[in-house]
Amino acid sequence: MSLTTPAARRDLSFHLHPATNLRQLQNEGPLVIVRGDGVYVYDDEGRRYLEGMAGLWCAALGFSERRLADAAYRQMCELPFYHSFAGKVPAISAELAERLVRIAPAGMARALFANSGSEANDTAIKLAWYINNALGRPQKKKIISRQRAYHGVTIASASLTGLAFAHTDFDLPIARILHTDCPYPYRGARPGESEEAYAARLADTLEQLILREGPDTVAAFFAEPVMGAGGVIVPPATYFDRIQPILRKYDILFVADEVICGFGRTGNMFGSQTFNLQPDIITVAKALSAGYLPISANLVSGKVYDILLAQSDKLGIFGHGYTYSSHPVPAAVALETLKIYEERDIVGAVRRVGPRMQAGIRSYADHPLIGEARGLGLIGAVEVVRDKATKQSFEPKAGVAAYLVRRAQHYGAILRNMPGDIVAFSPPLIISEAEIDEMLGCFGKALDDTWAMVRERGLV
Ligand SMILES: Cc1ncc(COP(=O)(O)O)c(C=O)c1O
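Per the working numbering, the sequence shown starts with residue -2, numbered consecutively.
Right, here's the structure in full:
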């Protein structure tokens, strides 16, 4: 049965959609995607869209990389399932762990696999608690995250997430999760305050929070190098340089959530390298397999691993892991993905074309609707405002950025709007300069339409 008319799509949509306005979906039906080719996807009516978000920031190699399909097929034929409990391991998963640790930032020693970014962050919370029990500090359990952070939607990772939609009516956050300020120069810095002064103030706010709570009660600090779903927020210069000594001073674990930034997005293999981070734990997912199969990992430092080792001596087991931790098929796809990243120098590719996207985004900064254009590498965003001078936003219910994104889709580019009327760009890392121009061209036409719409409706 084909989903050819909106009515048919409505009737046939038995799919409960995540992160969706369910009423609107029921009225309008879904956009049904049936195939992909390079940076493009096609809907069931044959329309082509440039996927300016790499799906959900993940399809780094686009939508038609045969080598990944072949790697999955080969592995399915050879060993379709095995696990890594009780001393066993699929060979391919062991190979992936080695390759991943070798390309990881200095200090990482072991990789523990799971299926999603949320699970990896849940695991990191468990590790932070477990480590402090192992070290005889049972009271050192609070976790600090940041407002606007996005770390996932399981019970614990949603609690880390600093966005209202992940908490409201879900009875979250759970206890012992704290949120400190988001490093958000456009909205957080005071008039005339330098980036460095703002960073110093944020670091001071964090230290005050730690002191108020009691340093001996704080286990870990979580941060995305660049915040993604919270609005593509690039921290001010020296922010992490000031935060990290505070974490070390109070013996607080640093968990870098590289679920979006990992594997080239920011112009280095990891965001930790872009911002000179020395995390104790790194979580990765998404581009680890170019999004082709679900897989995530916790990379843990040698210091963390030694504690787990000693605790396993004591308890007789490291009592964590999933049936599908180390699943050989996503592992095979991830391994092939990492080989392709190296062979095609994906980091070099991002450095070559990233400036074109950044310049393109910034070329709209003078538009009356654009408060700020920002980003680095192949991640960027514009913030849509009602009044540039005062940075006043539109009423959320006016749905201005949502309209913009719908118009961009009409012109053939899929972008994403996020709370605060922010429109994100995060295309596949294989995108060419011509395709970047095409994506931004669709955005430009959509922006013109949006400008006409807000004037027509008297919103400005
Ligand atoms: C930075 C970050 N961490 C964690 C997650 C959660 O990953 P998943 O949706 O695979 O659970 C996401 C998802 O977008 C993310 O962007």
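No residue lacks a Cβ here, since even glycine has one placed at the ideal position from N, Cα and C. Values in this document were obtained by computation on a predicted structure and should not be read as measured data.
Whose C-beta lies closer than 8 angstroms to the C-beta of residue i among residues of the same chain, with five residues either side of it excluded?
| i | result |
| --- | --- |
| residue 389 | 382, 383 |
| residue 303 | none |
| residue 131 | 304, 305, 307, 308, 311 |
Under 9 angstroms between C-beta atoms, does residue i make it to chain D?
| i | result |
| --- | --- |
| residue 34 | This model lacks chain D altogether; it includes just one protein chain. |
Go through its chain and collect everything with a Cβ distance to residue i's Cβ below 7 angstroms, but skip five positions before and after it.
| i | result |
| --- | --- |
| residue 395 | 456 |
| residue 458 | Since the first residue of the chain shown is -2 and the last is 457, residue 458 is not available in this structure. |
| residue 291 | 112, 113, 327 |
| residue 92 | 332 |
| residue 286 | 292, 327, 330, 331, 334 |
| residue 170 | 156, 164 |
With 16 other CB atoms within 10 Å as the buried threshold, where does residue i fall?
| i | result |
| --- | --- |
| residue 242 | exposed |
| residue 462 | Not covered by the structure: residue 462. The range shown for the chain is -2 to 457. |
| residue 119 | buried |
| residue 129 | buried |
| residue 19 | exposed |
| residue 122 | buried |
| residue 358 | buried |
| residue 147 | buried |
| residue 195 | buried |
| residue 340 | exposed |
| residue 11 | exposed |
| residue 205 | exposed |
| residue 360 | exposed |
| residue 191 | exposed |
| residue 314 | exposed |
| residue 75 | exposed |
| residue 259 | buried |
| residue 452 | exposed |
| residue 180 | buried |
| residue 265 | buried |
| residue 371 | buried |
| residue 167 | exposed |
| residue 250 | buried |
How many angstroms separate the CA atom of residue i from the CA atom of residue j?
| i | j | result |
| --- | --- | --- |
| residue 413 | residue 32 | 20 angstroms |
| residue 374 | residue 72 | 33 angstroms |
| residue 209 | residue 186 | 23 angstroms |
| residue 309 | residue 316 | 9 angstroms |
| residue 275 | residue 24 | 48 angstroms |
| residue 45 | residue 422 | 18 angstroms |
| residue 337 | residue 431 | 22 angstroms |
| residue 145 | residue 280 | 18 angstroms |
| residue 348 | residue 270 | 14 angstroms |
| residue 28 | residue 298 | 42 angstroms |
| residue 53 | residue 288 | 8 angstroms |
| residue 77 | residue 88 | 12 angstroms |
| residue 263 | residue 334 | 18 angstroms |
| residue 124 | residue 377 | 32 angstroms |
| residue 461 | residue 402 | As displayed, the chain neither begins before -2 nor continues past 457, which places residue 461 out of reach and without an answer. |
| residue 410 | residue 193 | 37 angstroms |
| residue 70 | residue 63 | 10 angstroms |
| residue 228 | residue 159 | 12 angstroms |
| residue 38 | residue 134 | 51 angstroms |
| residue 277 | residue 253 | 8 angstroms |
| residue 225 | residue 426 | 16 angstroms |
| residue 379 | residue 350 | 18 angstroms |
| residue 459 | residue 41 | The requested residue 459 does not occur in the structure, where the chain is confined to residues -2 to 457. |
| residue 283 | residue 331 | 10 angstroms |
| residue -2 | residue 22 | Any reading at residue -2 must be qualified, since the residue scores a pLDDT of 40, below 50, and its modelled position is unreliable; no value is offered. |
| residue 245 | residue 354 | 36 angstroms |
| residue 231 | residue 240 | 15 angstroms |
| residue 325 | residue 86 | 9 angstroms |
| residue 15 | residue 116 | 17 angstroms |
| residue 95 | residue 51 | 27 angstroms |
Opposite residue i in the DSSP bridges: which residues?
| i | result |
| --- | --- |
| residue 369 | 380 |
| residue 108 | 296 |
| residue 215 | 139 |
| residue 254 | 280 |
| residue 422 | 377 |
| residue 33 | 38 |
| residue 220 | 253 |
| residue 411 | 48 |
| residue 177 | 143 |
| residue 389 | 384 |
| residue 230 | 224 |
Spatial neighbours of residue i within its chain, please: C-beta separation below 6 angstroms, excluding the five flanking residues on both sides.
| i | result |
| --- | --- |
| residue 183 | 369 |
| residue 141 | 175, 177, 218 |
| residue 97 | 108 |
| residue 398 | 381, 414, 418, 420 |
| residue 437 | 357 |
| residue 367 | 361, 379 |
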